[in-house]
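S.K.: Numbering (this note's numbering), first residue to last: 3 to 259.
Glycine included, each C-beta is placed from N, C-alpha and C at the ideal position.
Quick caveat: nothing in here was measured; it's all calculated off a predicted structure.
Right, here's the structure in full:
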């Protein structure tokens, strides 16, 4: 039995064209998630899938995307997957052109793609900054601009930007990472300012040390970390708040790291 076997057998739900519909809410919500195969992105994908969302998942690794797609196929629904190197502008724009016709309006955008490359800003290669700028800022800029315009036209939608505690205060030996994550928070704030008059919500997550692949090999116990599922649960809670409420920022850190 898989995680989704109990879910698909819950009474009171109907399936139509492979997607979950409730008797009280016939509209299937749609979400686009970048960096969807690992850590925070994967946890969010699973959580929203459990709640009946139709998903478009974006990540670089096709194999990992297919594995996640196969896992979620236990619920007899379709998922769109896109292998995209989000550090390359042309690939991002190609994806946006494809998703427009294949997916339609997205109710939720989760800008999760990013990377952490340790190093001193003064001593690192320029390429270290440029790679983190491309993934931590530029990809989310293009995604938000594309989907944000559509949300503005529809007067609905929610954009989530997965930033970092480094967005507020630089982390040691994380020079360019801190710079780019601060820029992503600024992007989030500009989006919120521009979209709020159109009833579109924008929320920044600022997680501390989270148990993702970045911490592979550590001897620190898992329970010391923020879990990706904690972020996914919080995000879903925010999605279910009343229409007139926006959560600007979520600072979520380990209790005793």
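Cα-Cα, which of 115, 119, 254 and 74 is closest to residue 177?
M.R.: For the residues 115, 119, 254 and 74, the minimum Cα distance to residue 177 belongs to 119.
S.K.: If you run the structure through DSSP and keep just helix, strand and coil, what is residue 167?
M.R.: Note: residue 167 maps to helix in three-state DSSP.
S.K.: In this structure, what does DSSP give as the bridge partners for residue 160?
M.R.: Beta-bridge pairing links residue 160 to 110 and 203.
S.K.: Does the beta carbon of residue 46 sit closer than 8 Å to a beta carbon anywhere in chain D?
M.R.: Included in the structure is just one protein chain, with no chain D present.
S.K.: In whole angstroms, what is the alpha-carbon distance linking residue 217 and residue 167?
M.R.: With a pLDDT of only 48 at residue 217, under 50, the local geometry of the prediction cannot be trusted, and the value read off the model is given with reservation. Cα-Cα distance, rounded: 16 Å.
S.K.: For the alpha helix (DSSP H) containing residue 178, name the first residue and the last one.
M.R.: Residues 177 to 197.
S.K.: Taking the beta carbon of residue 107 as the centre, do at least 16 other beta carbons fall within 10 Å, making it buried, or is it exposed?
M.R.: Exposed, by the Cβ-count rule.
S.K.: If you draw a straight line from the alpha carbon of residue 155 to that of residue 126, how long is it in whole angstroms?
M.R.: If you take the alpha carbons of residue 155 and residue 126, they lie about 42 Å apart.
S.K.: By Cβ distance, which residues of its chain are closer than 8 Å to residue 235, with the 5 residues on each side in sequence left out?
M.R.: Same-chain partners within the cutoff: 49.
S.K.: Evaluate the contact criterion for the segment 64 to 74 versus the segment 87 to 105: three or more CB pairs, one atom per stretch, below 8 Å.
M.R.: Cβ pair count under 8 Å is below three, so no.
S.K.: If contact is defined by three or more beta carbon pairs under 8 Å, each pair taking one atom from either stretch, is the segment 146 to 154 in contact with the segment 122 to 138?
M.R.: Flag = no, the segment 122 to 138 and the segment 146 to 154 do not touch.
S.K.: Taking the alpha-carbon positions, what's the residue 47 to residue 210 distance?
M.R.: Rounded to whole angstroms, residue 47 to residue 210 spans 20 Å at the Cα level.
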